[in-house]
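To start, the structure itself, in structure tokens.
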Amino acid sequence: MVDARGLSCPLPVVMVQKEVKANAPKELEVKVDSMVCVENVKRYAASQGYAVSVKDEGDEFTMMLTK
Amino acid sequence: MTKRINPLVLIAGFAVGVAALVLTALGNPANMGFCIACFVRDIAGATKLHTAAPVQYFRPEIVGLVLGSTIMSLATKEFKARAGSAPATRFVLGAFVMIGALVFLGCPLRMVIRMGGGDLNAFVGLAGFFIGILLGVFFLKKGFSLKRSYTVATVEGYTLPATLVVLFILVLAVPALFAFSESGPGSKHAPVIASLLIALVVGALCQRSRMCMVGGMRDAVMFRDFNLLSGFGVIFVTVLLGNIILGNFKGFSAYLQPIAHASQLWNLLGMVLVGWGSVLLGGCPLRQLILAGEGNGDSAVTVLGMLVGAAFAHNFKLAGSAAALNDGVYSPGGIGTTGKVAVILGFAVLLVISLLNLPKEAKQNG
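This is the structure:
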């Protein structure tokens with residue numbers, strides 16, 4: 037799980053990139069707390085071939101990246 | 007690998023370019039339809055934080071950009087008061103980004119607008135900006151972080167927008183309180199209502215599109231993501247074509263460009279400072295205004311740092327002086343000794359901030 041809540045651009049994407057490059061997970065849960073981060077992580081994940089689902093939990097978002 | 011470009015970025019880029027051309031046609035200084043650094047500097051002058059007579063005017067564009075972002079983020083339910091990510095460090099970074107920008111004579115947005123006006127000095131600035139971004143990206147890849155922010159009381163998020171509104175009302179109601187340039191760049195401005203309305207629209211579009219001058223190159227380098235960079239490109243093309251259509255374009259040259267100097271080393275180094283500092287902050291000066299409008303207290307503090315940096319830049323004569331013709335004799339302009347010292351000091355400060363905010367293991371491994 038990548039917890040990027042409260043972090044500003046581009047740190048959430050950097051964290052996801054690091055995890056993807058290191059472990060190439062089939063599934064990765066990412067927590068962020070702004071729509072900008074959702075969009076950025078989504079764009080990066082899509083470029084790496086992941087399907088992305090987003091759960092809006094009010095103050096934060098849980099994203100599930102699957103391959 | 008596919009990377010989608012958000013059409014909103016293209017629309018916002020086009021709107022920023024057109025807005026810059028229109029504001030210049032309505033009275034803003036040449037190649038300065040929009041310049042966050044210059045406009046914050048002018049506000050510092052208007053509020054007498056510095057007393058450089060040619061650069062004092064309360065620019066409604068700054069109020070409009072922030073409020074446009076606030077209104078749009080409220081409408082889309084993205085407005086969120088948050089703060090707590092190294093505010094004092096951000097204040098210092100904001101100040102040095104401003105000093106670097108005023109050494110070059112423009113923020114990254116004005117750099118692009120100057121490029122579109124045919125100013126070759128701005129292309130030197132672009133090279134410096136890119137080098138600065140690479141330096142910032144180097145530390146990001148090492149794990150640089152100003153740590154997380156937290157949700158805070160809603161009032162925190164409204165502090166900067168409300169302060170700007172109150173100041174703006176005071177400017178309109180009791181102008182005698184403020185200073186206004188009678189000559190120089192500060193005396194050149196579009197009508198207040200036009201500046202405000204155009205900036206409101208641009209601010210709203212920039213909020214939606216996440217427009218950021220530094221983010222474009224950063225994301226392209228780090229993730230091969232060209233989304234934001236496309237906005238940067240569209241602004242350049244729009245301003246260039248607009249200037250050609252309007253008959254303002256006189257070819258590319260470094261000679262006697264409006265409010266620009268030809269001291270190329272310092273054009274370069276000033277923008278290295280801006281690029282590096284902006285990557286550490288997570289966004290260019292324009293983006294900081296937009297984030298402050300969305301309720302981000304850390305960005306609000308950054309904007310205040312920029313304001314103080316602008317005051318210092320003129321109180322201590324750090325800012326560049328523009329090229330000029332004096333009695334027919336060409337002076338290329340440039341910066342004085344104090345400005346050079348400030349840029350070098352800025353590099354030292356940015357290096358310390360970059361190193362001290364690395365994860366522990368990265369620091370130990372050098």
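Protein chains in written order, with our numbering: chain G, 37 to 103; chain H, 7 to 372. Cβ atoms here follow ideal geometry from the backbone N, Cα and C, with glycine treated the same way.
**Asked** CB-CB under 6 Å to H/Gly23, same chain, minus the five flanking residues each way: which ones, in chain order?
**Response** Against the second sequence, residue 23 of chain H aligns to sequence position 17. Hits under 6 Å: Ile241, Thr244 and Val245.
**Asked** With a CB to CB cut of under 6 Å and the five nearest residues on each side skipped, what residues in its chain are close to H/Cys218?
**Response** What you label residue 218 of chain H is simply residue 212 of the second sequence in a count that begins at 1. Correct list, in chain order: Leu234, Gly289, Cys290 and Arg293.
**Message:** Quick check on G/Val88: does DSSP put it in helix, strand or coil?
**Reply:** Within the first sequence, residue 88 of chain G is the residue found at index 52, counting from 1. G/Val88 falls in the strand class under three-state DSSP.
**Request:** Please decide whether G/Gly94 counts as near chain H, where near means a Cβ-Cβ distance under 7 Å.
**Result:** Against the first sequence, residue 94 of chain G aligns to sequence position 58. Closer than 7 Å: no.
**Request:** Report yes or no: is there a C-beta of chain G within less than 7 Å of the C-beta of H/Gly288?
**Result:** Numbered from its first residue, the second sequence carries residue 288 of chain H at position 282. At least one chain G Cβ lies under 7 Å of H/Gly288.
**Prompt:** Can you tell which of H/Phe353, H/Gly334 and H/Gly299 has the C-alpha that lies nearest to the C-alpha of H/Ile77?
**Reply:** As a working note, residue 77 of chain H is residue 71 in the second sequence. Comparing Cα positions, the closest option is H/Gly299.
**Prompt:** In terms of residues, what are the limits of the beta strand (DSSP E) holding G/Tyr125?
**Reply:** The first residue shown for chain G is 37 and the last is 103, placing residue 125 of chain G beyond what the model contains.
**Prompt:** Curious, which full-length alpha helix (DSSP H) runs of at least 4 residues does the stretch 140-218 of chain H contain?
**Reply:** 160-179 and 198-215
**Prompt:** How big is the Cα-Cα spacing for H/Leu362 and H/Gly142?
**Reply:** Here residue 362 of chain H corresponds to residue number 356 of the second sequence, with the count starting at 1. Here residue 142 of chain H corresponds to residue number 136 of the second sequence, with the count starting at 1. Using only the alpha carbons, I get a separation of about 14 Å.
**Request:** Measure from the C-beta of G/Cys45 to each C-beta in chain H and report whether the shortest distance is under 7 Å.
**Result:** Translated into positions along the first sequence, residue 45 of chain G becomes position 9. Output row for G/Cys45: interface = yes.
**Message:** For H/Ala196, tell me which candidate among H/Leu32, H/Val61 and H/Ile11 has the shortest Cα-Cα distance.
**Reply:** Sequence index remark: in the second sequence, residue 196 of chain H carries index 190 (1-based). Checking every option, the nearest Cα to that of H/Ala196 belongs to H/Leu32.
**Item:** Which of helix, strand or coil DSSP assigns to H/Lys366
**Value:** To locate residue 366 of chain H, count along the second sequence from 1; it is residue 360. If DSSP states are grouped into helix, strand and coil, H/Lys366 belongs with the helices.
**Item:** Neighbouring residues, chain H, relative to G/Tyr80 (Cβ below 8 Å)
**Value:** Locating residue 80 of chain G in the first sequence gives position 44, where the first residue counts as 1. Neighbours of G/Tyr80 on chain H, chain order: Phe229 and Asp231.
**Item:** Residues near H/Ser193 by beta carbon distance below 6 Å, same chain, minus five either side
**Value:** In the second sequence, residue 193 of chain H corresponds to position 187, counting from 1. Only Ser187 meet the Cβ criterion.
**Prompt:** Would you say G/Ser89 faces chain H, with C-beta separation under 7 Å as the test?
**Reply:** Numbered from its first residue, the first sequence carries residue 89 of chain G at position 53. Closer than 7 Å: no.
**Request:** Kindly give me the distance between the Cβ atoms of H/Gly326 and H/Val171, rounded to whole angstroms, as I take these residues to be in contact under 8 Å.
**Result:** As a position in the second sequence, residue 326 of chain H is number 320, starting the count at 1. As a position in the second sequence, residue 171 of chain H is number 165, starting the count at 1. H/Gly326 to H/Val171, Cβ: 32 Å. No contact.
**Request:** Look at the Cβ atom of H/Ala21, then the Cβ atom of H/Leu211, and state whether they are nearer than 7 Å.
**Result:** To locate residue 21 of chain H, count along the second sequence from 1; it is residue 15. To locate residue 211 of chain H, count along the second sequence from 1; it is residue 205. Yes. Within cutoff.
**Request:** Counting only the same chain and skipping the five closest in sequence on each side, list residues whose C-beta sits under 7 Å from that of H/Ala92.
**Result:** In the second sequence, residue 92 of chain H corresponds to position 86, counting from 1. So the list reads Leu152 and Lys153, once near-sequence residues are dropped.
**Message:** Let's test the definition: count the other Cβ atoms within 10 Å of the Cβ of G/Val66 and tell me whether it reaches 16, buried, or not, exposed.
**Reply:** Taking the first residue of the first sequence as 1, we reach residue 66 of chain G at position 30. Looking at its Cβ environment, which holds 16 or more other Cβ atoms inside 10 Å, G/Val66 is buried.
**Request:** Quick one: residues in its chain with C-beta nearer than 8 Å to the C-beta of H/Gly190, no 5 flanking neighbours on either side, listed in chain order?
**Result:** What you label residue 190 of chain H is simply residue 184 of the second sequence in a count that begins at 1. If we look at H/Gly190 and ignore the five residues flanking it on each side, its Cβ neighbours are Ala59, Pro60 and Val61.
**Secondary structure of H/Thr8, DSSP reduced to three states** = For the purposes of this step, residue 8 of chain H is identified with residue 2 of the second sequence, where counting begins at 1. Low local confidence applies: a pLDDT of 44 at H/Thr8 is under 50, so the model's placement there is unreliable, with the coordinate-based value given in what follows. In the structure shown, H/Thr8 sits in coil (DSSP, three-state: anything other than H, G, I, E or B).
**Asked** Given that G/Met99 touches chain H, what residues does it touch there, using C-beta distances under 9 Å?
**Response** The residue you call residue 99 of chain G lines up with position 63 of the first sequence. What G/Met99 touches in chain H: nothing, since even the nearest Cβ is about 16 Å away.
**Message:** Is it the case that the stretch 95-108 of chain H contacts the stretch 307-321 of chain H, given that we only count it when at least three CB pairs across the two stretches are under 8 Å?
**Reply:** yes
**Asked** At which residue ranges does the stretch 236-299 of chain H contain complete alpha helix (DSSP H) runs of 4 or more residues, listed in the order of the chain?
**Response** 270-287 and 291-299
**Message:** Using CA atoms only, rank isn't needed, just tell me which of G/Leu64, G/Lys103 and G/Ala82 is closest to G/Asp39.
**Reply:** The residue labelled residue 39 of chain G in the question sits at position 3 within the first sequence. Nearest of G/Leu64, G/Lys103 and G/Ala82 to G/Asp39, Cα basis: G/Leu64.
**Item:** Per-residue DSSP class, three states only, for H/Asp333
**Value:** Position 327 of the second sequence, counted from the first residue, corresponds to residue 333 of chain H. Reduced to three states, the DSSP call for H/Asp333 is coil.
**Item:** Closer than 7 Å to chain H by CB, G/Met71
**Value:** As a working mapping, residue 71 of chain G is identified with position 35 in the first sequence. By this cut-off, G/Met71 is an interface position.
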